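Colleague:
Residue numbers (my numbering): 9 to 142.
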């Protein structure tokens, strides 16, 4: 499994978490067991766990870079992608920021569309340029 596939799996888990926050990682794994839709490896699990464990601080950080938007009004796909990217940029030292941004934009193109991809790119660009990462 590639890192891109692992991120895509983490995105799907984070997206599902928006609607079912009571589900544990084990619940998610059980639901996806035998499915070729959601692939899960160690990196997928690390991304999901780090994101959900730090959801409140990640959301607060995202809010700082939203212009004329409220977190609650974002499309859920965009929110899940932003949460994943902010988590990866903030908590995973071995991943270049440019890779995290590019992967987030590619996920947005695949699952949300060009407009959301552009929006996500702008929010992440502002975040990185600010230098205010934890």
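Positions of the beta carbon are idealized from the N, C-alpha and C atoms, including for glycine.
Nothing here was measured: the structure is a model prediction, and the numbers come from that model.
1. DSSP three-state label for residue 115, please.
2. Let me know if residue 9 comes out buried or exposed under the rule of 16 or more other beta-carbons within 10 Å of its beta-carbon.
3. Under 7 angstroms between the Cβ atoms of residue 91 and residue 66?
4. On the criterion of 16 or more Cβ atoms from any shown chain inside 10 Å, does residue 133 qualify as buried, or is it exposed?
5. I'd like the ranges of any alpha helix (DSSP H) spanning at least 4 consecutive residues and lying wholly in the stretch 75–115.
6. To which residues of the same chain is residue 109 closer than 6 angstroms at the C-beta, ignoring the five residues directly before and after it?
7. According to DSSP, is residue 30 helix, strand or coil?
8. Report yes if the C-beta distance between residue 107 and residue 125 is below 7 angstroms; otherwise report no.
Modeller: Taking the definition as stated:
1. Note: residue 115 maps to helix in three-state DSSP.
2. Residue 9 counts as exposed, since fewer than 16 other beta carbons sit within 10 angstroms of its beta carbon.
3. One thing to note: residue 91 has its Cβ within 7 angstroms of the Cβ of residue 66.
4. The residue is exposed, with fewer than 16 neighbouring Cβ atoms inside 10 Å.
5. If you keep only unbroken alpha helix (DSSP H) runs of at least 4 residues inside the stretch 75–115, you get 84–99.
6. Contacts found: 132.
7. The DSSP-derived three-state label of residue 30 is coil.
8. Taking 7 angstroms as the cut-off, the Cβ atoms of residue 107 and residue 125 do not count as close.
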